[in-house]
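**Student:**
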Amino acid sequence: MTAETVIGAVGKQAEFRTCQYTGLKVDVAAQTLIKANAVAAVVFLLIGGLLGLSVALTRWPAVHLLPAEWFYLALTGHGANVLLFWIIFFEIAVLYFASAVLLNCRIAAPKFAWLGFILMIVGALLTNYAVLQGDSSVMFTSYPPMQAAPNFYLGLILFAVGALIGCVIFFATLVIAKEERTYEGSVPLVTFGAITAAIIAVFTIASGAVILIPTWLWSLGLISNIDPLMYKLVWWAMGHSTQQINVSAHVSIWYLTAALLLGAKPLSEKVSRTAFFMYILFLQLASAHHLLAEPGLDSSWKIVNTSYMMYLAVLGSMVHGLTVPGAIEAAQRKNGYTKGVFEWLRKAPWGNPAFSGMFLSLVMFGFIGGISGVVLGTEQLNVLMHNTLYVPGHFHGTVVTGTTLAFMGGTYLVLPLIFQREIIWPKLAKLQPYLFGIGAAGISLFMMGAGTLGVPRRHWDITFSDAPIAFAHSAGAFLMMGLNGISAILAALGGAIYVIVVVGTVLFGKKIVGGHKLTFPLHSGGGAAVSHYGSEGAVKLPGTIILITIFFVSFVLYYFINWKYLSELWLFH
Amino acid sequence: MSTLEPVPSSERVPTMQRILDNTFLLLFLGVTIPTVLYILWGVMELVSIPLAK
Ligand code: HEM
Ligand SMILES: [Cu+2]
Numbered sequence: 009m010t011a012e013t014v015i016g017a018v019g020k021q022a023e024f025r026t027c028q029y030t031g032l033k034v035d036v037a038a039q040t041l042i043k044a045n046a047v048a049a050v051v052f053l054l055i056g057g058l059l060g061l062s063v064a065l066t067r068w069p070a071v072h073l074l075p076a077e078w079f080y081l082a083l084t085g086h087g088a089n090v091l092l093f094w095i096i097f098f099e100i101a102v103l104y105f106a107s108a109v110l111l112n113c114r115i116a117a118p119k120f121a122w123l124g125f126i127l128m129i130v131g132a133l134l135t136n137y138a139v140l141q142g143d144s145s146v147m148f149t150s151y152p153p154m155q156a157a158p159n160f161y162l163g164l165i166l167f168a169v170g171a172l173i174g175c176v177i178f179f180a181t182l183v184i185a186k187e188e189r190t191y192e193g194s195v196p197l198v199t200f201g202a203i204t205a206a207i208i209a210v211f212t213i214a215s216g217a218v219i220l221i222p223t224w225l226w227s228l229g230l231i232s233n234i235d236p237l238m239y240k241l242v243w244w245a246m247g248h249s250t251q252q253i254n255v256s257a258h259v260s261i262w263y264l265t266a267a268l269l270l271g272a273k274p275l276s277e278k279v280s281r282t283a284f285f286m287y288i289l290f291l292q293l294a295s296a297h298h299l300l301a302e303p304g305l306d307s308s309w310k311i312v313n314t315s316y317m318m319y320l321a322v323l324g325s326m327v328h329g330l331t332v333p334g335a336i337e338a339a340q341r342k343n344g345y346t347k348g349v350f351e352w353l354r355k356a357p358w359g360n361p362a363f364s365g366m367f368l369s370l371v372m373f374g375f376i377g378g379i380s381g382v383v384l385g386t387e388q389l390n391v392l393m394h395n396t397l398y399v400p401g402h403f404h405g406t407v408v409t410g411t412t413l414a415f416m417g418g419t420y421l422v423l424p425l426i427f428q429r430e431i432i433w434p435k436l437a438k439l440q441p442y443l444f445g446i447g448a449a450g451i452s453l454f455m456m457g458a459g460t461l462g463v464p465r466r467h468w469d470i471t472f473s474d475a476p477i478a479f480a481h482s483a484g485a486f487l488m489m490g491l492n493g494i495s496a497i498l499a500a501l502g503g504a505i506y507v508i509v510v511v512g513t514v515l516f517g518k519k520i521v522g523g524h525k526l527t528f529p530l531h532s533g534g535g536a537a538v539s540h541y542g543s544e545g546a547v548k549l550p551g552t553i554i555l556i557t558i559f560f561v562s563f564v565l566y567y568f569i570n571w572k573y574l575s576e577l578w579l580f581h
Numbered sequence: 028m029s030t031l032e033p034v035p036s037s038e039r040v041p042t043m044q045r046i047l048d049n050t051f052l053l054l055f056l057g058v059t060i061p062t063v064l065y066i067l068w069g070v071m072e073l074v075s076i077p078l079a080k
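Quick note, the sequences are listed as chains A and B, same order.
Quick note on my numbering: the first sequence kicks off at 9 and runs consecutively.
Quick note on my numbering: the second sequence kicks off at 28 and runs consecutively.
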């Protein structure tokens with residue numbers, strides 16, 4: 009039985025081209041699908057980013073841009089457009105790239121893949137339409153008994169079905185590649201990372217269906233009641249796991265970028281794959297950290313899911329955090345940058361936005377998103393920050409400085425290699441990851457700062473101007489919100505430049521022809537490194553060791569500082 | 028391509044690598060573990076909360 013008979017499509021002779029920079033065989037049907045998904049992603053990032061800016065400007069007390077009703081509408085639209093639509097469209101593009109392109113294979117059932125794409129578009133539009141109508145400002149988590157218009161849930165369901173089709177196409181393409189022997193031995197590491205993402209996606213989408221379909225029926229009046237706690241439990245199996253799809257996908261992009269730009273091979277296939285395997289086994293359990301403050305669930309469930317098991321998954325991330333810079337250092341030393349401890353890093357292609365986007369994502373995901381995530385995921389410490397702005401601060405550190413920045417960096421590879429267009433305005437493109445990175449780091453850190461000072465999340469007016477009992481936050485909290493607003497403007501500017509460069513390149517970029525020299529060149533061994541199984545082996549990496557030591561010291565210090573805060577609450581003097 | 032030597036096909040592939048190469052086994056594990064430990068166990072906790080009278 010071939011993969012086509014399984015999913016009921018007719019196998020067709022595919023049309024290929026050979027990439028002049030990587031030597032990879034590219035199925036033209038896969039290429040068109042990657043383009044469509046990438047373009048859709050960018051459009052939704054634009055919408056969601058503008059809404060994010062308006063939210064941040066509202067939370068800046070001196071500006072207080074939107075009225076209350078619009079604030080919650082914009083907040084709902086922001087979450088859905090950036091966290092779901094931008095990221096998942098981009099991930100579907102990553103899945104098609106990591107299967108068809110990296111394995112030199114034709115994509116399974118392209119027509120079916122287009123059906124998935126159309127469902128995702130229709131779903132995303134429908135949800136946006138419901139949000140804009142104003143009766144679905146239930147925010148991203150849509151906890152009952154708050155109820156949105158039926159189209160809000162229906163849109164999400166259609167979008168999820170479309171994304172599930174994308175996963176099926178991905179797995180079917182893997183099967184075809186194996187049957188038709190388009191690669192030798194094991195799949196390359198980047199493809200393995202994509203497999204991790206797709207596996208988590210299947211669990212995510214299934215959980216989403218289990219909870220959103222009844223909720224949709226409830227909004228139609230066909231079901232009388234949705235238990236709020238049951239909703240939260242199952243909803244977070246989706247809501248948290250989506251973030252783990254993101255982590256797997258952006259870690260894959262880190263490896264991909266290091267391979268293509270520097271010729272980097274993984275230090276050890278065994279170690280990196282084991283780290284991804286930890287994600288597959290344990291990462292999704294961490295969903296429970298969203299329910300740490302719920303009285304209805306007992307501590308053993310909480311502790312097993314968020315501590316014992318989840319630390320194994322965190323270990324996976326730490327392994328990647330070591331092996332990605334390690335692979336970069338090893339490759340750069342091979343490329344001749346052997347002087348001292350840090351020549352490899354100083355002489356890295358910092359002017360190439362694909363590299364700077366990737367490296368900034370790596371550093372900030374670890375330092376900002378990672379450390380704060382472990383603190384928040386610790387049951388005892390969670391109570392310090394629960395439902396404060398610290399929470400959005402943390403996850404902007406993961407999904408914005410981590411995932412979004414990695415995807416932006418990856419786009420500067422997709423434009424020349426898949427769209428076959430030369431990047432217009434390279435100077436602006438060079439600046440873009442830095443501008444967006446600084447802004448995004450700012451919103452993450454300042455929201456975390458405000459949260460530490462007690463400012464709640466999802467709150468329209470922290471001056472409590474119409475409250476019967478007066479309450480005032482500290483001046484520090486107001487300062488944090490102002491700095492957050494300024495950072496939001498920087499991030500929005502960086503995001504706008506990204507959209508302009510991408511749209512400009514897709515529409516007006518110079519068509520790349522044979523023999524063209526890329527503005528942002530690849531490593532000559534990049535294509536081979538990214539598409540084959542193989543380890544670099546043991547090498548001396550003094551620079552990486554120093555970087556990792558700095559990370560651990562920061563981590564441990566910050567972790568224990570929070571225990572100290574906690575002890576002060578308990579007044580054990 | 029010169030730096031990458033293909034593994035000779037006669038060489039035995041280590042067991043762990045064979046497990047990691049088995050995508051559908053991984054898919055099974057990745058769906059089952061969270062379904063049991065997080066969802067089923069969690070749902071059991073919730074349904075055992077006594078109803079208020
Ligand atoms: C220009 C860039 C961005 C700015 C200025 C921004 C700003 C904000 C602000 C101020 C909040 C509200 C926090 C609160 O009041 O509770 C927020 C919420 C949120 N943001 Fe962003 N953000 C940006 C980009 C992103 C991106 C790229 C993502 C995802 C990939 C994202 C995901 C979210 C989510 C999921 C929420 C929570 C929504 C909710 O509470 O329902 N943001 N953002
Ligand atoms: Cu989470």
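By construction, the Cβ of each residue, glycine as well, lies at the ideal position given by its N, Cα and C atoms.
Would the segment 434–443 of chain A count as touching the segment 464–482 of chain A if we require 3 or more Cβ pairs under 8 Å?
**Tutor:** no
**Student:** Can you tell me the Cα-Cα spacing of phenylalanine 363 (chain A) and leucine 330 (chain A), whole angstroms?
**Tutor:** 17 Å
**Student:** Following the continuous beta strand (DSSP E) through aspartate 48 (chain B), name the residue where it begins and the one where it ends.
**Tutor:** From DSSP, aspartate 48 (chain B) is part of no beta strand (DSSP E) but of the alpha helix (DSSP H) over 42–48.
**Student:** Per the DSSP calculation, aspartate 35 (chain A) is bridged to which residue(s)?
**Tutor:** A:Phe24
**Student:** Specify whether the segment 223–240 of chain A and the segment 160–169 of chain A touch according to this definition: at least 3 beta carbon pairs, one from each stretch, less than 8 Å apart.
**Tutor:** Contact holds: three or more Cβ-Cβ distances are below 8 Å.
**Student:** Does DSSP put proline 357 (chain A) in a helix, a strand or coil?
**Tutor:** coil
**Student:** Run through chain B and tell me which residues come within less than 8 Å of valine 109 (chain A), C-beta to C-beta.
**Tutor:** Simply none; closest approach about 17 Å.
**Student:** Curious, which full-length alpha helix (DSSP H) runs of at least 4 residues does the segment 325–402 of chain A contain?
**Tutor:** 351–354, 361–372, 379–384 and 387–393
**Student:** Nearest by alpha-carbon distance to valine 58 (chain B): which of A:Ala214, A:Gly193 and A:Leu41 is it?
**Tutor:** A:Ala214
**Student:** In terms of alpha-carbon separation, which member of A:Pro303, A:Phe52 and A:Met238 lies closest to alanine 132 (chain A)?
**Tutor:** Considering only alpha carbons, the answer is A:Phe52.
**Student:** Contact criterion: CB-CB distance below 7 Å. Does arginine 114 (chain A) meet it with respect to chain B?
**Tutor:** Output row for arginine 114 (chain A): interface = no.
**Student:** Identify the continuous alpha helix (DSSP H) that holds alanine 536 (chain A) and give its terminal residues.
**Tutor:** 534–539
**Student:** Answer yes or no: the CB of alanine 258 (chain A) versus the heavy atoms of ligand 2, is any distance below 6 Å?
**Tutor:** In the sequence under discussion, the amino acid at residue 258 (chain A) is histidine, which differs from the alanine named in the question. No, ligand 2 has no heavy atom inside 6 Å of this Cβ.
**Student:** My understanding is that valine 272 (chain A) touches alanine 339 (chain A), with C-beta atoms under 8 Å, so please give their C-beta distance in whole angstroms.
**Tutor:** First, the amino acid is wrong: residue 272 (chain A) is alanine here, not valine. 4 Å between Cβ atoms; contact.
**Student:** Just to confirm, are methionine 147 (chain A) and leucine 83 (chain A) a CB contact at a threshold of 7 Å?
**Tutor:** yes
**Student:** Please determine whether the Cβ atom of threonine 406 (chain A) lies at a distance below 6 Å from any heavy atom of ligand 1.
**Tutor:** no
**Student:** With distances taken Cα to Cα, identify the nearest neighbour of lysine 278 (chain A) among A:Gly174, A:Pro424, A:Val195 and A:Phe105.
**Tutor:** A:Val195
**Student:** Are the Cβ atoms of aspartate 35 (chain A) and alanine 22 (chain A) separated by less than 7 Å?
**Tutor:** yes
**Student:** Can you determine whether any heavy atom of ligand 2 sits closer than 6 Å to the C-beta of histidine 481 (chain A), and answer yes or no?
**Tutor:** No, the Cβ of histidine 481 (chain A) stays beyond 6 Å of every heavy atom of ligand 2.
**Student:** Three-state secondary structure (DSSP) at arginine 429 (chain A)?
**Tutor:** strand
**Student:** Would the C-beta of histidine 328 (chain A) count as close to ligand 2, meaning under 6 Å from any of its heavy atoms?
**Tutor:** Histidine 328 (chain A) has its Cβ no nearer than 6 Å to any heavy atom of ligand 2.
**Student:** Need the endpoints of the alpha helix (DSSP H) that tryptophan 68 (chain A) sits in, please.
**Tutor:** Careful: tryptophan 68 (chain A) lies outside any alpha helix (DSSP H) and carries neither H nor E.
**Student:** Proline 77 (chain B) CB to nearest chain A CB: under 7 Å?
**Tutor:** no
**Student:** Do you know offhand how far alanine 49 (chain A)'s Cα is from threonine 412 (chain A)'s?
**Tutor:** If I take the Cα positions, the gap works out to 11 Å.
**Student:** With a cut-off of 8 Å, do at least 3 Cβ pairs link the segment 200–218 of chain A to the segment 185–192 of chain A?
**Tutor:** no
**Student:** Could you give the first and the last residue of the continuous alpha helix (DSSP H) run that contains methionine 456 (chain A)?
**Tutor:** Residue range 434–460 is occupied by the alpha helix (DSSP H) that includes methionine 456 (chain A).
**Student:** With DSSP as the reference, please indicate the residues paired to lysine 119 (chain A) in a beta bridge.
**Tutor:** According to the DSSP secondary-structure assignment, lysine 119 (chain A) is paired through a beta bridge with no residue.
**Student:** Tell me the rounded alpha-carbon separation between phenylalanine 559 (chain A) and alanine 296 (chain A).
**Tutor:** 26 Å
**Student:** Listed in chain order, which residues of the segment 265–292 of chain A have Cβ atoms closer than 7 Å to some Cβ of chain B?
**Tutor:** From the segment 265–292 of chain A, only Arg281, Phe285, Ile288, Leu289 and Gln292 have a Cβ closer than 7 Å to chain B.
**Student:** Could you give the residue range of the alpha helix (DSSP H) that holds asparagine 254 (chain A)?
**Tutor:** 236–270
**Student:** By a C-beta neighbour count over all protein chains shown, 10 Å radius and 16 as the cutoff for buried, is tyrosine 541 (chain A) buried or exposed?
**Tutor:** buried
**Student:** Would you say the segment 278–295 of chain A touches the segment 242–261 of chain A, given that touching needs at least three Cβ pairs under 8 Å?
**Tutor:** yes
**Student:** Is the CB of valine 58 (chain B) under 7 Å away from at least one CB in chain A?
**Tutor:** yes
**Student:** For valine 259 (chain A), which residues in the same chain have their Cβ closer than 7 Å to its Cβ, ignoring the five residues on either side in sequence?
**Tutor:** Gly201 and His328
**Student:** Of all the residues that make up the segment 300–321 of chain A, which are near chain B by a beta-carbon distance shorter than 8 Å?
**Tutor:** Within the segment 300–321 of chain A, the residues whose Cβ lies closer than 8 Å to any Cβ of chain B are, in chain order, Gly304, Leu305, Asp306, Trp309, Val312, Asn313 and Met317.
**Student:** Specify the secondary structure class of proline 274 (chain A) as computed by DSSP and reduced to three states.
**Tutor:** coil
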